[in-house]
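Student: Numbering of the sequence shown is given in our numbering, commencing with residue 2 and proceeding in unit increments. All residues carry an ideal CB built from backbone N, CA and C; glycine is no exception. Remember, predicted model here, so these are calculated numbers, not experimental data.
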Amino acid sequence: MPILPSFKPCLVLKILRFLFSIYGFAIFLALMFLLLPLFIISFCLPAIRGGNLIFSLSRFWADAFFILTGIRYRAFYQAPVMPNEQYIFISNHISYLDIPMMMKVVRGRHLRILGKAEMNRVPIFGSIYKRGTVSVDRADPKARYESVERLKRFLNKRISIFICPEGTFNMTNEPLKSFYDGAFKIAIETQKPIQPILFLDTYDRLNYKSIFSLNPGQCRAIFLPSTPTVGMKEEDMTALKSAIFIQMKKSLEEHHATWIKN
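1) Using three-state DSSP, classify Tyr-181 as helix, strand or coil.
2) Kindly list the residues whose CB is nearer than 7 Å to the CB of Arg-151, restricted to its own chain and excluding five residues on each side of it in sequence; keep chain order.
3) Using a 10 Å radius around the Cβ and a threshold of 16 neighbouring Cβ atoms, would you call Met-172 buried or exposed?
4) Is the number of C-beta pairs between the segment 43-55 and the segment 190-210 that are closer than 8 Å three or more?
5) Measure how close the beta-carbons of Met-249 and Leu-156 come, nearest whole angstrom, since I'm counting them as under 8 Å.
6) Alpha carbon to alpha carbon, how far is Ile-42 from Ile-160?
7) Do three or more CB pairs link the segment 81-94 to the segment 9-24 at distances below 8 Å?
8) Rounded to whole angstroms, what's the CA-CA distance from Pro-65 to Ile-28? Just pull it up for me.
9) What residues in its chain sit with their C-beta under 6 Å from that of Leu-69, if we drop five residues either side in the sequence?
10) What distance in whole Å lies between the Cβ atoms of Ile-189 and Leu-241, which are believed to be in contact at a cut-off of 8 Å?
11) To which residues does DSSP link Thr-228 through a beta bridge?
12) Does the separation of the CB atoms of Ile-72 and Arg-206 fall below 9 Å?
13) Figure out for me which residue from Phe-26, Ile-55, Tyr-74, Arg-18 has the closest Cα to the Cα of Asp-202.
14) Using C-beta distances below 7 Å, list every residue in its chain close to Pro-229, excluding the 5 sequence neighbours before and after it, in chain order.
15) If you measure between the beta carbons of Ser-227 and Tyr-88, is that distance less than 9 Å?
16) Would you tell me roughly how many angstroms separate the C-alpha atoms of Tyr-130 and Trp-62, rounded to the nearest one?
17) Among residues of its own chain, excluding the 5 on either side of His-256, which ones have a beta-carbon nearer than 6 Å to its beta-carbon?
18) Report back the beta-carbon spacing between Ala-184 and Pro-166 to the nearest angstrom; my notes put them in contact at under 8 Å.
19) Given that a residue counts as buried once 16 or more other Cβ atoms are within 10 Å of its Cβ, and exposed if not, what is Phe-316?
20) Closer than 8 Å to a non-hydrogen atom of the ligand MN - does that hold for the CB of Ala-31?
21) Nearest-angstrom Cα distance between Lys-15 and Thr-259?
22) Using a Cβ-Cβ cutoff of less than 8 Å, which residues in the same chain neighbour Leu-58 once the five nearest sequence positions on both sides are dropped?
23) Under the three-state reduction of DSSP, which class applies to Gly-109: helix, strand or coil?
24) Could you tell me the boundaries of the alpha helix (DSSP H) in which Phe-56 lies?
25) Going by other Cβ atoms of all chains shown within 10 Å of its Cβ, with 16 needed for buried, is Arg-113 buried or exposed?
26) Could you work out which residue in Arg-139, Met-120, Asp-141 is closest to Gly-133 when comparing CA atoms only?
27) Keeping to the same chain, check which residues put their C-beta closer than 6 Å to that of Asp-99; ignore five residues upstream and five downstream.
28) What separation, rounded to the nearest whole angstrom, lies between the Cα atoms of Gly-116 and Pro-217?
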């Protein structure tokens, strides 16, 4: 009898993930175009109301995307998160799925995200992204300053903010990249607490190395104890940043984050 060619398991897995990724992108685009009329309405509203509507729609978008792609969101709280408090939410940044995870973890409150300016150039999606985030070009000191001032104004209007202090994907084998100062500077200047969140599985669900690596499974978010900043001054910023970096790094190691290589 003729011997049939055999496929290596890793090759089969890559093919399946490629096909599933195509399906996932189709779902992502279909949801975007389905919600587009409502996003257009948000563009016609005043800036605050329009931004709030965009985040409500984006949360629905994230919920539907996770359900239709078989991604199971799970949240674990090491300490309670106060419903009426304005927080500076921060997280590690390791995957394109971190953005929908931000929508999943922050519920029942208004939110603005500090985002990358280059995302504004993506057709259609970029217009939505620009309206719903505070974009920053990190290479431009003036742009960084202006984004910080905008985020502070949102906090003063009882709108929480979300910042990835690593600034971009952590492409190292370490738990975290070094942190920028922005989140901690804002926290001290507004006297708002910092709420760290760990995204443990987005790296495994959609690896930054390939946009064709999407696969179903769980996505866990770990809410670490928040850090109050009342009474802190500018000279405390370095110590605050270091303490939260250590807190997040230690917890990622304890949870055996899969990108950590010793």
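Tutor: Based on what the coordinates show:
1) coil
2) Val-135
3) exposed
4) no
5) At roughly 21 Å, the Cβ-Cβ gap does not stay under 8 Å, so Met-249 and Leu-156 are not in contact.
6) 21 Å
7) no
8) The amino acid occupying residue 65 in the given sequence is Ala; Pro does not appear at that position. Going by the C-alpha atoms only, they are around 9 Å apart.
9) Ile-28
10) 7 Å
11) Ile-195
12) yes
13) Tyr-74
14) Pro-194
15) yes
16) 13 Å
17) Leu-201
18) 5 Å
19) Given that the chain is displayed from residue 2 to residue 263, the structure contains no residue 316 and the question cannot be resolved.
20) Although the ligand MN was asked about, the structure shown includes no ligands whatsoever.
21) 19 Å
22) Leu-36, Leu-39, Phe-40, Ser-43
23) coil
24) 48-69
25) buried
26) Met-120
27) Phe-200, Thr-203
28) 26 Å
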